[in-house]
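Below is one structure, written out as structure tokens; comments come after it.
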Amino acid sequence: MIELENLVKHFGDVHAVDGITLTVPRGEFFCVLGPNAAGKTTTIKMMVGLIRPTSGSARVAGFDLQSQPLEARARLSYVPDFPFLYDKLTPWEFIRFTGQLFRMPDDRIRTEAEELIPRFSLEPWLHKPIEGLSHGTRQRVAIASALLHRPEVFVIDEPMVGLDPHHARIVKDLLRERSRQGMTLFLSTHQIEVAEEMADRVGIIHHGRLMAVGTPEELRRRAGVDGALEQAFLTLTRPPEAKAVDLSSCGEVP
Amino acid sequence: MTGTFPSPLRLLVGTAVRSMWRRVVSLRDQSWLLLALITAFLSGYAVLAFALFYGGLRFIGRFPGLGGLLVERLLFLLFACLFGLLLISNLIVSYTNLFRNRETAFLLTLPVPRQVVFQWKLAESTVIASWAFLFLIAPLLVAYGLVHQVAWHFYPMVLLMIGLFIGLPGILGCWLAVQVARFMDRRTFQVALVLGVSLLVAVLVLRFRPTTVTEESLETARVLNVIDRLLDNTRFAQFPLLPSYWLSSSVQNWGEGAVRAALFFFSVLLSHVLFFGMIAVLWLGDAFYEASSVVHSRGSLLARWDWFRRREERRRRSSDPIARLSRPVLLETLLAWRGILAPDVRALIAKDVRVFWRDTTQWGQAFMLFGLLTVYIVNLRHFTRQLDSPFWISLVSYLNLGACSLNLATLTTRFVFPQFSLEGKRVWVVGLAPIGLVSLVRLKFWLTSWTTLGVTLGLILLSCSMLGLDAAHTLFFAAVIVVMTFTLNAIAVGLGALYPNFRETNPAKIVSGFGGTFCLVLSFLYIVGSVVLLALGSPWGWRPEAVGEFRPYHALASGTAFLGISLLSGAVPLRMGFRRVAATEL
Numbered sequence: 151m152i153e154l155e156n157l158v159k160h161f162g163d164v165h166a167v168d169g170i171t172l173t174v175p176r177g178e179f180f181c182v183l184g185p186n187a188a189g190k191t192t193t194i195k196m197m198v199g200l201i202r203p204t205s206g207s208a209r210v211a212g213f214d215l216q217s218q219p220l221e222a223r224a225r226l227s228y229v230p231d232f233p234f235l236y237d238k239l240t241p242w243e244f245i246r247f248t249g250q251l252f253r254m255p256d257d258r259i260r261t262e263a264e265e266l267i268p269r270f271s272l273e274p275w276l277h278k279p280i281e282g283l284s285h286g287t288r289q290r291v292a293i294a295s296a297l298l299h300r301p302e303v304f305v306i307d308e309p310m311v312g313l314d315p316h317h318a319r320i321v322k323d324l325l326r327e328r329s330r331q332g333m334t335l336f337l338s339t340h341q342i343e344v345a346e347e348m349a350d351r352v353g354i355i356h357h358g359r360l361m362a363v364g365t366p367e368e369l370r371r372r373a374g375v376d377g378a379l380e381q382a383f384l385t386l387t388r389p390p391e392a393k394a395v396d397l398s399s400c401g402e403v404p
Numbered sequence: 153m154t155g156t157f158p159s160p161l162r163l164l165v166g167t168a169v170r171s172m173w174r175r176v177v178s179l180r181d182q183s184w185l186l187l188a189l190i191t192a193f194l195s196g197y198a199v200l201a202f203a204l205f206y207g208g209l210r211f212i213g214r215f216p217g218l219g220g221l222l223v224e225r226l227l228f229l230l231f232a233c234l235f236g237l238l239l240i241s242n243l244i245v246s247y248t249n250l251f252r253n254r255e256t257a258f259l260l261t262l263p264v265p266r267q268v269v270f271q272w273k274l275a276e277s278t279v280i281a282s283w284a285f286l287f288l289i290a291p292l293l294v295a296y297g298l299v300h301q302v303a304w305h306f307y308p309m310v311l312l313m314i315g316l317f318i319g320l321p322g323i324l325g326c327w328l329a330v331q332v333a334r335f336m337d338r339r340t341f342q343v344a345l346v347l348g349v350s351l352l353v354a355v356l357v358l359r360f361r362p363t364t365v366t367e368e369s370l371e372t373a374r375v376l377n378v379i380d381r382l383l384d385n386t387r388f389a390q391f392p393l394l395p396s397y398w399l400s401s402s403v404q405n406w407g408e409g410a411v412r413a414a415l416f417f418f419s420v421l422l423s424h425v426l427f428f429g430m431i432a433v434l435w436l437g438d439a440f441y442e443a444s445s446v447v448h449s450r451g452s453l454l455a456r457w458d459w460f461r462r463r464e465e466r467r468r469r470s471s472d473p474i475a476r477l478s479r480p481v482l483l484e485t486l487l488a489w490r491g492i493l494a495p496d497v498r499a500l501i502a503k504d505v506r507v508f509w510r511d512t513t514q515w516g517q518a519f520m521l522f523g524l525l526t527v528y529i530v531n532l533r534h535f536t537r538q539l540d541s542p543f544w545i546s547l548v549s550y551l552n553l554g555a556c557s558l559n560l561a562t563l564t565t566r567f568v569f570p571q572f573s574l575e576g577k578r579v580w581v582v583g584l585a586p587i588g589l590v591s592l593v594r595l596k597f598w599l600t601s602w603t604t605l606g607v608t609l610g611l612i613l614l615s616c617s618m619l620g621l622d623a624a625h626t627l628f629f630a631a632v633i634v635v636m637t638f639t640l641n642a643i644a645v646g647l648g649a650l651y652p653n654f655r656e657t658n659p660a661k662i663v664s665g666f667g668g669t670f671c672l673v674l675s676f677l678y679i680v681g682s683v684v685l686l687a688l689g690s691p692w693g694w695r696p697e698a699v700g701e702f703r704p705y706h707a708l709a710s711g712t713a714f715l716g717i718s719l720l721s722g723a724v725p726l727r728m729g730f731r732r733v734a735a736t737e738l
């Protein structure tokens, strides 16, 4: 469902993504972990067609993001860590707008929305301007509208940021449920416990490369650690040699 | 299937119209004082501009035998300048709208064709970049119509012509923005901008050398020839391939009743808009996507070259980033000179200087505003050869004072006013630092005042020098601009602290609220009031017959009133701002 083939992205002389090859089959819940600036967001941006790869290809549901962007995006949904919403619209207007862009008939928009709105407890806010909503509520509106057209592939960056534990649980359950129904999930997060709890497979990106892929158990085995996935992650992404730094010479500027 | 769903473009336009309507409706919830202020300011501008244009056009039109020619040339010049300004405005707005806009990134992840995203952004950018210009020139066109007693259909036709005309700089600006995005990074753009503006200034300074007219030349040559020579520098506005030429010709011909000629130029304009519009709509979408990908993928543009990559690699290997920490930085070394400034004060100043320098918008606008003023002032040396009357020299010197202060007011409102709100946003570091918020605001006031004083004082001294004013006049204007610079900064800092907006991160949106509008209006009223007061009470007289005689009592009275107004306008908001900040709960 998601096929990344030798994906490379250079920003000037920086190799942000350096030859990632990965296949995520239909219905799999895939989590990607990695330190800051590891190349996760760049990989996602290429996967959703926001930027061109320097080389290699990204295919979603069999469609290449560069040569068949519309076909690919029609089957895809992407929610970034700080999603864009039209401040002057209400959540219902935004949800309907998104559905229409995905060419959904009005009655289908209503049916899908009637399922999602109560699950995300959006009823009290449905007809109030988005500009007045809290970050968590905005995040819920973004996720609900992204799931509205029942995408075949759902890419989401840090979905739990700003969500209270109650709604974080709802999002997790819903994503799991959709995954069981055949939706492929590609989730990027720093919350290792989310990956451990939710993912069928976890990928670790470091220095633009896919360092390891497997089930949490496989990753633990590969790292040679027991216990939480965090230990495996830290072992696999540990810098070669931590350098002791003496800052005593960094005094005031004369 | 296609026919059953609204097109994406229609959906986007519908959403924008709905958002706009909500903004208008939300005005009901705004402060009535703000609404009254904005309405009064806008209507005041329209009425004043109309009166000035009407009087000016009638005055010029009365020149025997030359009136028509001068008005015609002025209109050509106006539309040519308008074209240039619209082009710059469209370039800036399009760049921001295409490559720095979150809606664009959002739309690019949806099943909306790139062409449609580009078409929507092109239309949106053109409207945003052009509406203010239409508002600015509307009084002129009404005045032109009334002076020339045109038929009623002139007005809707002109509206249509201008509507078409703005399309061309819109398309060209968008195309340029795409090219800039594809081939320039921030640093290259900054260098190119500085070089471009410097080149423009040099060309303007060298190109516009007015011809000296003597009584003798007026006697020997035909007056028309002399005028034509005098206007030679504006002849570029009549270059027949300029879109502004087609617009001016169609407007003037329609006004004169030469409908066939007007329709010809109108058709030329229409065909060009359709031709380039079609190219943009059909083909620029892919180039836009390419540029968008480049913008979001950019390291340094220089990294394309091997020599740069090798140099960076060498630097990376040879320099230890930790060792760099103890290397002195020029800016901080300068600020630490003799230990006059406390470390926290130095840190805040260094931060503000860095933020200013790294924000192209801030220094680009300051550079543009004061650069244009410098060009004008430098060119005064040509005027003074013809301005032998002390009255005109005195008038021009006061007008320069007004222009310089108005430029400053634009910058203080746009950049100084929102500073406190933005610092409040960073409360976790600046607001909680031991320096305290009141000291922070006080520091902002002193820093912005002294920095801007360097520019305003320099310009006024240059103006006095170009006008050949004596030491007493120069000292007088220098003292006045010092007071006005501090007052305008006090207004911006004080009102910024009095009307903060901690929710907003975009300075432009902070300025568009009540406090920002109030700041602009108060600064404007202060400048107009002060300049008029000082000019009327000038120690060297005002009426043409009185210029030259020294009037100490007038000077004392107007000087005292000016200082009083300055104190009232500046110190009161600043003190109130300090008090408000002391009581602020962030």
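Line order of the protein sequences matches chains H and E.
Note that our numbering has the first sequence beginning at 151, numbered continuously upward.
Note that our numbering has the second sequence beginning at 153, numbered continuously upward.
Virtual Cβ for every residue (Gly too), placed ideally from N, Cα, C.
Taking a Cβ-Cβ threshold of 8 angstroms, none of the residues of chain E is close to H/I259; the smallest such distance is about 11 angstroms. Measuring C-alpha to C-alpha distances from E/Q571 to each of E/Q271, E/L595, E/E465, E/L553 identifies E/L595 as the nearest.
Straight through space, the alpha carbons of H/I280 and H/V375 are spaced by roughly 46 angstroms. Counting along the chain, no alpha helix (DSSP H) covers H/I280, and no H or E run does either.
Short of 7 angstroms from the beta carbon of E/F440, and not among the five residues preceding or following it, lie these beta carbons of its own chain, in chain order: L250, R266, F270, V330.
By alpha-carbon distance to H/P230, the top candidate from E/L234, E/F341, E/L237, E/F258 is E/F258.
Taking each of E/I289, E/S246, E/V299, E/T261 in turn and checking the Cα distance to E/E276, the smallest one comes out for E/S246. In the three-state reduction of the DSSP assignment, E/H448 falls in the coil class. In the same chain as E/T256, and ignoring 5 residues on each side of it, the C-beta atoms closer than 8 angstroms to its own belong to N249, L250, V269, K273, S444, in chain order.
For E/L262, the residues of chain H that pass the 8 angstroms Cβ criterion are R223, T248, L251, F252, in the order they occur in the chain. Counted as a single uninterrupted DSSP element, the alpha helix (DSSP H) harbouring E/V632 occupies residues 623 to 650. Following the DSSP letters along the chain, one finds H/K159 inside the beta strand (DSSP E) bounded by residues 152 to 161. Under the DSSP definition of a beta bridge, H/F304 partners with H/S227, H/L335.
Residue environment for H/G377: exposed (fewer than 16 other C-beta atoms within 10 angstroms of its C-beta).
Boundaries of the beta strand (DSSP E) around H/S205: 205 to 210. Taking all protein chains shown into account, E/L708 has fewer than 16 neighbouring C-beta atoms within 10 Å of its C-beta and is therefore exposed. E/L163 reaches chain H at F247, Q250, L251, counting residues in chain order whose Cβ is nearer than 7 angstroms. At a C-beta separation below 9 angstroms, E/A707 has no neighbours in chain H, since its nearest C-beta there lies roughly 48 angstroms away. The beta carbons of E/L421 and E/S400 sit about 11 angstroms from each other, so the pair does not count as a contact at 8 angstroms. E/G319 sits buried, since 16 or more C-beta atoms from the chains shown fall within 10 Å of its C-beta. H/H356 is bridged by DSSP to H/R359.
DSSP places H/T365 outside both helix and strand once states are collapsed to three, so it counts as coil. The C-beta of H/H285 has fewer than 16 other C-beta atoms within 10 Å across all chains shown, which makes the residue exposed. In this chain, the beta strand (DSSP E) harbouring H/A166 covers 164 to 174. Using a Cβ-Cβ distance cut-off of 8 angstroms, the segment 211 to 226 of chain H and the segment 177 to 195 of chain H are not in contact, since fewer than three pairs of beta carbons, one from each stretch, lie closer than that value. Scanning chain H for C-beta atoms nearer than 9 angstroms to the C-beta of E/A188 yields nothing, as the closest lies near 24 angstroms away.
Beta-bridge analysis with DSSP links H/V182 to H/S338, H/G353. Of the residues E/S449, E/I323, E/F231, E/L434, the one whose Cα lies closest to the Cα of E/T386 is E/F231. By the Cβ rule, the segment 627 to 642 of chain E counts as touching the segment 538 to 554 of chain E, because three or more pairs are nearer than 8 angstroms.
With contacts defined by Cβ atoms closer than 9 angstroms, H/R209 and H/E155 form a contacting pair. Burial is judged here by how many other beta carbons sit within 10 angstroms of a residue's own beta carbon; E/W435 has fewer than 16 and is exposed. Contact check between the segment 299 to 312 of chain H and the segment 230 to 240 of chain H: three or more CB pairs, one atom from each, fall below 8 angstroms, which counts as touching. At least one C-beta of chain H is nearer than 9 angstroms to the C-beta of E/T156.
For E/T191, the enclosing alpha helix (DSSP H) starts and ends at 184 to 213.
Non-local C-beta neighbours of H/P175 in its own chain, meaning closer than 8 angstroms and more than five positions away in sequence, comprise M151, T334, ordered along the chain. Using a CB distance cut-off of 9 angstroms, H/F161 counts as an interface residue toward chain E.
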